[in-house]
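Below is one structure, written out as structure tokens, with a few remarks after it.
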Amino acid sequence: MTSRDREKNVPEGSTAARQPLTGDVDAVVVGAGFGGLYMLHRLRELGLSVRGFEAADGVGGTWWWNRYPGARCDLPSLYYAYTWSEDLSREWRWSERYAAQPEILAYADHVADRFDLRGLIAFGARVLAAIFDEATALWTLETDRGDRVRARWCVMATGCLSAPRAPQFPGEETFRGPRLHTGLWPHEAVDFAGLRVGVIGTGSSGIQAIPRIAEQARRVTVFQRTPNFSLPAHNGPLGDAEIADYWARRPKYLKMLKAGLPGVAAHAEGAPVPPVEEQRRVYEEMWAIGGPVLVASFPNLLTDEAVNAAASDFVREKIAQVVEDPRIAARLLPHDHPIGTKRICVDTDYYQTFNRPNVELADIRAAPIEAITPDGLRTTEREYALDAIVYATGFDAVSGALLAMDIRGAGGVTLREAWADGPRAYLGLAVAGFPNLFVLAGPGSPSVLSNMMVSLEEHVDWVTGCIADMRAGGYTRIAAEPSAQAAWVAHVKDLADRSLFPRANSWYVGANIPGKPRVFTAYIGGGYRQTCEAVAAGGYEGFALA
Ligand code: N01
């Protein structure tokens with residue numbers, strides 16, 4: 064690549080910003096969420112010419128799209144934040160224990176400005192194709208606005224929950240009112256005042272949105288197919304004492320991250336089953352703290368059926384205590400999966416909402432939705448008159464955003480072909496047959512079962528180190544070996560099979576997408592970071608370098 068080639072790259076902030084970009088750069092990063100932003104920063108720091116592509120008109124990824132009322136993080140904000148810049152951590156102050164979407168988006172905006180990243184990103188540019196050329200070992204990326212850029216390194220920072228999906232009921236297009244998906248929420252405020260709103264879906268998105276919509280709407284009908292476990296956030300303003308406590312713990316926390324987290328599977332091995340009274344005492348304590356910590360009460364809560372059953376019972380009892388009408392409470396109690404094996408939800412007043420006179424619960428497991436009609440929705444049992452329908456129906460998780468692009472690796476093999484039996488990657492980072500391409504928080508990494516910020520930082524740091532090593536060693540090509548990938552995939556599965564996770568029909572296994580191969584997509588072993596570091600230190604064992 065010559066400097067002349069590089070000059071062809073138009074900075075996005077220039078007057079030619081909206082002209083399609085062409086030419087060569089060292090690296091492309093697809094997606095400007097928290098993974099993509101940090102990746103751009105690190106690669107530029109390394110001295111690479113780098114170009115980011117982002118389908119949205121701004122940074123923030125999931126927090127740019129998911130603007131539904133009630134959207135907020137479900138890990139404490141102090142921990143749902145980057146750790147790589149101490150200055151950044153010190154200067155940013157979260158206002159609540161669990162920050163709402165606008166504040167998290169403001170944080171992403173702040174990062175983009177503070178580290179001067181916007182100029183590297185082409186916004187409103189959805190990548191349609193990424194094609195690898197064997198002869199040059201370069202990737203060519205094409206976007207929907209005509210960009211065509213070549214790069215040695217291609218990093219997919221496209222997110223695990225970024226391909227929204229909605230079921231197609233007969234008659235969708237006939238509905239007279241607005242149909243909104245939580246994952247594609249409009250930018251302008253949606254006014255539900257005086258409206259009869261139907262919400263389909265009771266995962267994290269529905270559980271967060273329903274109480275806020277119910278505060279505004281004339282009536283809310285919740286269409287629930289499967290009840291979920293949700294824990295109270297006990298959210299509130301973030302006080303100085305909590306911030307001071309975080310800073311006191313931070314050195315230990317960072318040390319723990321560096322040492323590698325234990326992981327569900329490794330942690331559980333040999334852990335004793337505590338007496339039931341002790342379990343209940345701890346659950347009470349965790350319930351009072353709020354947030355997702357309850358499912359981490361005991362190391363074997365996600366591996367031991369009896370321990371899990373006690374936790375599930377405890378939460379069911381709590382739900383039944385909150386919901387005043389015992390018939391409604393009974394319908395809200397989850398019984399089809401062990402607690403924590405579907406992503407645990409964290410709410411503010413979710414169950415309390417069913418005590419409101421303007422909220423009703425429709426059991427669409429018993430009486431499924433037959434059709435959307437011009438004036439509402441029809442189940443096998445009755446008609447519901449609705450002015451607006453909210454689809455909180457989730458995402459084609461982990462692989463959805465990647466398979467939406469035409470990605471072709473060595474020999475023209477498409478990612479769709481390579482993943483015909485389900486998503487797979489070596490270390491959850493690199494896909495055999497797709498040289499020089501990295502997936503942040505990819506399938507087979509801790510990703511969705513970890514603190515995503517931490518996992519993204521780990522992957523970005525590893526990819527940065529890898530590219531630096533390749534350049535220093537004069538390599539132009541690195542590719543995961545099929546045998547190493549197969550061994551890693553088997554290891555990921557083996558660990559998952561030793562846990563209770565496979566018991567749930569969750570998006571973790573792709574069960575929410577009809578026809579999607581059932582593959583558990585997260586690594587639940589311990590010391591993941593160490594494993595990746597050891598691979599790099601050992602000369603990239605399991606990778607072929609050229
Ligand atoms: O999606 P989901 P989500 N007919 O897949 C129902 C993250 N997140 O957007 O269970 C009727 O969990 C479906 O029913 P069922 C978080 O990781 C985080 O809520 O398939 N119903 C289910 O109730 C989360 O796990 C936050 O029977 C249908 C719901 O729709 C992930 O995103 C906030 C249906 C989908 O639930 C996904 O959450 C929000 C159909 N045909 C999201 N199809 C934070 O707090 C689907 N459903 C950070």
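Counting the sequence shown from 1 gives a position; this note's numbering is that position plus 63. Note that beta-carbon positions come from the ideal geometry of N, C-alpha and C, so glycine has one too. It should be emphasised that the depicted structure is a prediction, and the values quoted were computed from it without experimental measurement.
Query: Three-way DSSP call (helix, strand, coil) for D450 in this model; Result: coil
Query: Inter-residue spacing [alpha-carbon to alpha-carbon] between A531 and P565; Result: 38 Å
Query: Other residues of its chain near A430: CB distance less than 8 Å, five sequence neighbours each side excluded; Result: T442, T443, E444, R445
Query: For M516, the three-state DSSP class (helix, strand or coil); Result: helix
Query: Nearest residue (CA-CA) to D399, options I352, T289, S158, Y346; Result: T289
Query: 8 Å contact criterion, which A504 and H522 should meet: CB distance rounded; Result: 6 Å
Query: Rounded straight-line distance, which links the Cα of Y586 to that of I194; Result: 28 Å
Query: Own chain partners of A495 with C-beta closer than 6 Å, once the 5 adjacent residues on each side are dropped; Result: A543, P545, Q548
Query: Cα-Cα separation, Y603 to A550; Result: 15 Å
Query: Whole-angstrom distance between R213 and R114, CA atom to CA atom; Result: 10 Å
Query: Rounded Cβ spacing between V339 and N363 (contact assumed at less than 8 Å); Result: 14 Å between Cβ atoms; not a contact.
Query: Which listed residue (L204, D196, A163, G124) has its alpha carbon closest to that of D469; Result: L204
Query: Backbone CA spacing between V285 and H297 [nearest angstrom]; Result: 23 Å
Query: W570: CB within 6 Å of a non-hydrogen atom of ligand 1; Result: yes
Query: Three CB pairs or more closer than 8 Å across the stretch 176-188 and the stretch 95-112; Result: yes
Query: Backbone CA spacing between N568 and A272 [nearest angstrom]; Result: 22 Å
Query: Exposed unless 16 or more other CB atoms sit within 10 angstroms - verdict on G222; Result: buried
Query: As assigned by DSSP and simplified to three states, the class of E278; Result: helix
Query: Bridge partners - F286, DSSP secondary structure assignment; Result: I263, A425
Query: Buried/exposed call for G302, threshold 16 Cβ in 10 Å; Result: exposed
Query: Paired residues, beta bridge with G115 - DSSP; Result: V92, I184
Query: Cα-Cα separation, P249 to Y145; Result: 27 Å
Query: Which residues DSSP lists as bridging M219, in chain order; Result: V93, V502
Query: Simplified DSSP state of A198, which is helix, strand or coil; Result: coil
Query: Any non-hydrogen atom of ligand 1 closer than 6 Å to L519 Cβ; Result: no
Query: C-alpha gap between W202 and T477, whole angstroms; Result: 13 Å
Query: Nearest neighbour of A392, chosen from Q415, T125, R343 [CA to CA]; Result: Q415
Query: The stretch 129-143 contacting the stretch 504-518, beta-carbon criterion three pairs below 8 Å; Result: yes
Query: Supposed close pair V190, F116 - CB separation, criterion 8 Å; Result: 5 Å
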